[in-house]
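**Student:** Counted from 1, the sequence shown has number 269 at position 211 by this note's numbering; the numbering is strictly sequential.
Quick reminder that beta carbons are idealized off the backbone N, C-alpha and C, glycines included.
Starting off with a structure, shown below.
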Amino acid sequence: MSKMQASLTTPVQYLKGVGPQVAKLLRKLGVETVEDLLYFFPREYEDRRHPTPLNQLKVGDQVVFIKGEVQNVSHQQTRKRFSILKVVIGDNTGQIPVVFFNQPYLTNYFKPGMKLFVSGKLEVNLYDGGMELSARDYEIDTGETPGIVPIYPLTEGLYPKTLRNLIKRTLQEYLGQESAIATLHFPDDPKKLAAARYKIVFEEFFIFQLGLGLRRQKVQEEKGPVLSIPDNSLNAFIANLPFKLTTAQQRVLNEIKTDLAGGRPMNRLLQGDVGSGKTVIAALSALIAVQNGYQAVIMAPTEILAEQHYDKLQKLLPELKIELVTGTTQKKRKASEFTEPDLLIGTHALLEEKVKFRKLGLAIIDEQHRFGVLQREKLQQKGVFPHCLFLTATPIPRSLALMLYGDLDRSVIDELPPGRTPIKTYLVPEAKRTGAYEFIRKQVEEGRQIFVVCPLVEESEKLDLKAAQEEAEKLQKEIFPELKVALIHGRLKAEDKNRIMRDFKEEKVEILVSTTVIEVGIDIPNASVMVVEHAERFGLSQLHQLRGRIGRGASESFCFLMGNPKTIEAQERLSAMVKTTDGFKIAEADLRLRGPGDFLGVRQAGLPAFRLADIMKDQKILEDARKAAFDLIAKDRASAHNLWESQRQKIKVPQTRDASLN
Ligand code: ADP
Ligand code: MG
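Below, the structure written as structure tokens:
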């Protein structure tokens, strides 16, 4: 391919030196085009200007880098067909055996006298107790001035040098050597590297924040319906609730009231831990809209949740005309014009184009991180800029909040209603399982109900289902033949799911076995025990959500984490659950252990896939970029807009998987 035709979208296999084999390996790493390759940044760097003298090597976690001369080479074939190549290297301070596993072709490559750079980990040889270097990478020392060498993520069969040389050639051909991107691959000094990294990360954040800032600005310039309510009328309503609002609920309600009456569309995130009482705030907000002659909608991520909100809000707001709108109800209904109801409660079925409202004034979206930005916008377009309130139980740290909800105002319910007995959480090893079952039997005798959640199996819904089915059968036949055990899972039709949930609610079922479909928002105050099978397979936030299903009534509740965590990470996770019920502490631990992607499920979160930026590590740069973006919008809206339009395609925001919504 001639240089004239070369472009960033050229598939890598057309590059010189890349055959089908290498192209396939690169694809495994997510590299398909020249652009992908240029943005395939090193995981770390090796500073070859400072090799460690051999007499100063210490066993440890870190990769060390040495320089020396080959003294002798020996090759061993073990019985299990492992190949071990041992190359003794020496410098003027000492010597060390360097071990290459399963690379027998190197046996005739290394010759005594050869000068080498080698990197790897220092380990103790279990047979003779001596130290050896388990090689990760090597290179012949050609006597040129050594520099800082990039270490790339690799896949089996792809050699560091192949990738390094390929990237070097591609940079020369496409970018020259002067760009921040080139510096990031081949820095000649740590300061320049840091500056290049800052520049690229800043740019990634800046563009994204520019988009958020412009959207925020746009909404703020729109007119929103003025929804106000006389204080005495709202207070009379609040006085009739079966409970007194907490201080936090009252504060948040005031913030919402101010927004609704302000003439601009509200765009507010309401954060509150599971069980903090967000639903009643949603109900009061809806009431204000309806009293002003507008309609309100509440959208939930699943049919079960929508039904549950529907039941609850009918009780809380008996004077309102409320209608349920889900995939199931839509099948039965012919017309999709909703002029009658004051309040519509439903799933993403509410987003369908044919669904028409009379006069939408307020949209409330529950467990909002399950909805992507696009879906958010779709709903907003249904009214003439209705007020929007997003509810979430995920305690999101500031940096993440700036990314996900940087265009929203934020209210927090940081207090639980009084009188809750803290949930007791236990880690239950296999040996104590029988005891746990006896405990459960007693709880049921006292009139309580039980959740049993079965684990995720390798992202396969089929296997999940099988595990849950077997568990339900075992519990029904062998352990609790005298009780009624039911099974609920994601593959069931919505009607069946709803029926099972209703049976559980009406206490026709004592033990409900499920896959993770009950994770979000289900409210069964009579349930007092949550059993999580193979708890070590769940993430912390997931466990927290699951545990939030109990402890909702007046009686004491218990969470049994069944399992035998083998890794240190899993042990830390489960012990965090045993130690605290504070959602913010758990979220922090979760972020630390897993990183933001898994924390929210990147695909569901609408979080852009940054190429270099790391929202946890680069918080400072994020704040800088946000400030710069918002300053530019304030100073020169037109150029901010042009810049955003020309750069926005660089941001890859994954769309929410529709399948996960039901
Ligand atoms: P979440 O914030 O997780 O959506 P809910 O709105 O479902 O929580 O509330 C959890 C439970 O607490 C419900 O049963 C609700 O009726 C009750 N509740 C809400 N606010 C209060 C309050 N101020 N005092 C007592 N109970 C409350
Ligand atoms: Mg809720």
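In terms of residues, what are the limits of the beta strand (DSSP E) holding H367?
**Tutor:** H367 -> not in any beta strand (DSSP E); alpha helix (DSSP H) instead, spanning 361-374.
**Student:** Tell me whether I709 sits in a helix, a strand or coil according to DSSP, three-state version.
**Tutor:** Here I709 sits in coil by DSSP.
**Student:** Can you tell me whether G201 is buried or exposed, with buried defined as 16 or more other CB within 10 angstroms of its CB?
**Tutor:** Under this definition G201 is an exposed residue.
**Student:** Alpha carbon to alpha carbon, how far is V284 from P245?
**Tutor:** For V284 and P245, the distance between alpha carbons rounds to 57 Å.
**Student:** In three-state terms, what does DSSP make of V590?
**Tutor:** Of the three classes helix, strand and coil, the one that applies to V590 here is strand, per DSSP.
**Student:** Buried or exposed for D289, going by 16 or more other Cβ atoms inside 10 Å?
**Tutor:** Under this definition D289 is an exposed residue.
**Student:** According to the Cβ coordinates, are Y232 and V92 closer than 8 Å?
**Tutor:** Yes, they are a contact pair.
**Student:** Quick check: what's the CA-CA separation for G282 versus A319?
**Tutor:** Spanning the two alpha carbons is a distance of roughly 9 Å.
**Student:** With C-beta atoms as the reference, is I508 less than 8 Å away from E565?
**Tutor:** For I508 and E565, no; Cβs fall outside 8 Å.
**Student:** How about F642: is its Cβ closer than 7 Å to a heavy atom in the ligand ADP?
**Tutor:** No, the ligand ADP has no heavy atom inside 7 Å of this Cβ.
**Student:** In the DSSP assignment, find the unbroken beta strand (DSSP E) run with Y97 in it and report its ends.
**Tutor:** Segment: none, Y97 is in no beta strand (DSSP E) and carries neither H nor E.
**Student:** Pick from H406, Q677, R222: whose alpha carbon is nearest that of E102?
**Tutor:** Minimum Cα distance to E102 is reached at R222.
**Student:** Considering only the alpha carbon of each residue, which of T220, V587, P323 lies closest to E496?
**Tutor:** Nearest of T220, V587, P323 to E496, Cα basis: V587.
**Student:** Between the C-alpha atoms of T722 and T386, what's the straight-line distance to the nearest angstrom?
**Tutor:** Residue coverage of the chain in this structure runs from 59 to 720, which leaves residue 722 outside it and unanswerable.
**Student:** Quick check: is any heavy atom of the ligand ADP less than 7 Å from the C-beta of K336?
**Tutor:** Within the cutoff, so yes.
**Student:** Put A451 into one of helix, strand or coil per three-state DSSP.
**Tutor:** A451 falls in the coil class under three-state DSSP.
**Student:** Along the chain, where does the beta strand (DSSP E) that runs through R194 open and close?
**Tutor:** Where R194 is concerned, the enclosing beta strand (DSSP E) stretches over 189-198.
**Student:** Looking at the unbroken beta strand (DSSP E) that takes in R468, where does it start and where does it end?
**Tutor:** Looking at the DSSP string, the run of the beta strand (DSSP E) that includes R468 is 467-471.
**Student:** Report the three-state DSSP secondary structure of P444 (helix, strand or coil).
**Tutor:** P444: coil per DSSP, three-state reduction.
**Student:** Hey, which unbroken runs of the alpha helix (DSSP H) at 4 residues or more fall wholly within the segment 559-629?
**Tutor:** Within the segment 559-629, the complete alpha helix (DSSP H) runs of at least 4 residues are 598-605.
**Student:** Start and end of the beta strand (DSSP E) containing K250?
**Tutor:** Note, K250: premise wrong, no beta strand (DSSP E); alpha helix (DSSP H) at 248-279.
**Student:** Grouping DSSP H, G and I as helix and E and B as strand, with all else coil, what is N350?
**Tutor:** N350 falls in the coil class under three-state DSSP.
**Student:** Rounding to the nearest angstrom, what Cα-Cα distance links A347 and Q705 in this structure?
**Tutor:** Their Cα atoms are separated by approximately 38 Å.
**Student:** Under 8 Å between the Cβ atoms of T384 and A354?
**Tutor:** Not in contact: T384 and A354 (Cβ atoms no closer than 8 Å).
**Student:** Would you call the segment 407-416 in contact with the segment 309-323, where contact means no fewer than 3 C-beta pairs closer than 8 Å?
**Tutor:** Result no; under three Cβ-Cβ pairs closer than 8 Å.
**Student:** Considering only C-alpha positions, which residue in the set Q275, K302, I314, T304 is nearest to I287?
**Tutor:** For I287, the nearest C-alpha among the options comes from I314.
**Student:** Which residue's Cα is closest to the Cα of E473: G171, G330, L363?
**Tutor:** Among G171, G330, L363, the Cα nearest to that of E473 belongs to G330.
**Student:** Could you have a look at K169 and say whether DSSP puts it in helix, strand or coil?
**Tutor:** Three-state result, K169: coil.
**Student:** Among K373, V128, G178, whose alpha-carbon lies nearest the alpha-carbon of G118?
**Tutor:** Measuring from the Cα of G118, the nearest candidate turns out to be G178.
**Student:** Within 10 angstroms of its Cβ, does N224 collect 16 or more other Cβ (buried), or is it exposed?
**Tutor:** One detail in the question is off: residue 224 reads as Leu in this sequence, not Asn. Classification for L224: buried.
**Student:** Spell out the partners DSSP gives G178 in its beta bridges.
**Tutor:** According to DSSP, G178 bridges with V122, A193.
**Student:** Going by DSSP, what residue range makes up the beta strand (DSSP E) through D149?
**Tutor:** Looking at the DSSP string, the run of the beta strand (DSSP E) that includes D149 is 141-149.
**Student:** Near L87, what residues of its chain come up, given a Cβ to Cβ distance below 6 Å and the 5 sequence neighbours on each side ignored?
**Tutor:** Here the set comprises T213.
**Student:** What ranges does the beta strand (DSSP E) occupy inside the segment 320-345, keeping only unbroken runs of at least 3 residues that lie completely in it?
**Tutor:** Segments of the beta strand (DSSP E) lying fully in the segment 320-345: 325-330.
**Student:** Could you tell me the alpha carbon to alpha carbon distance between G75 and L632, rounded to whole angstroms?
**Tutor:** Spanning the two alpha carbons is a distance of roughly 49 Å.
**Student:** Run through the DSSP bridge pairs and tell me what G152 is partnered with.
**Tutor:** For G152, which the question treats as bridged, DSSP gives the partners D149.
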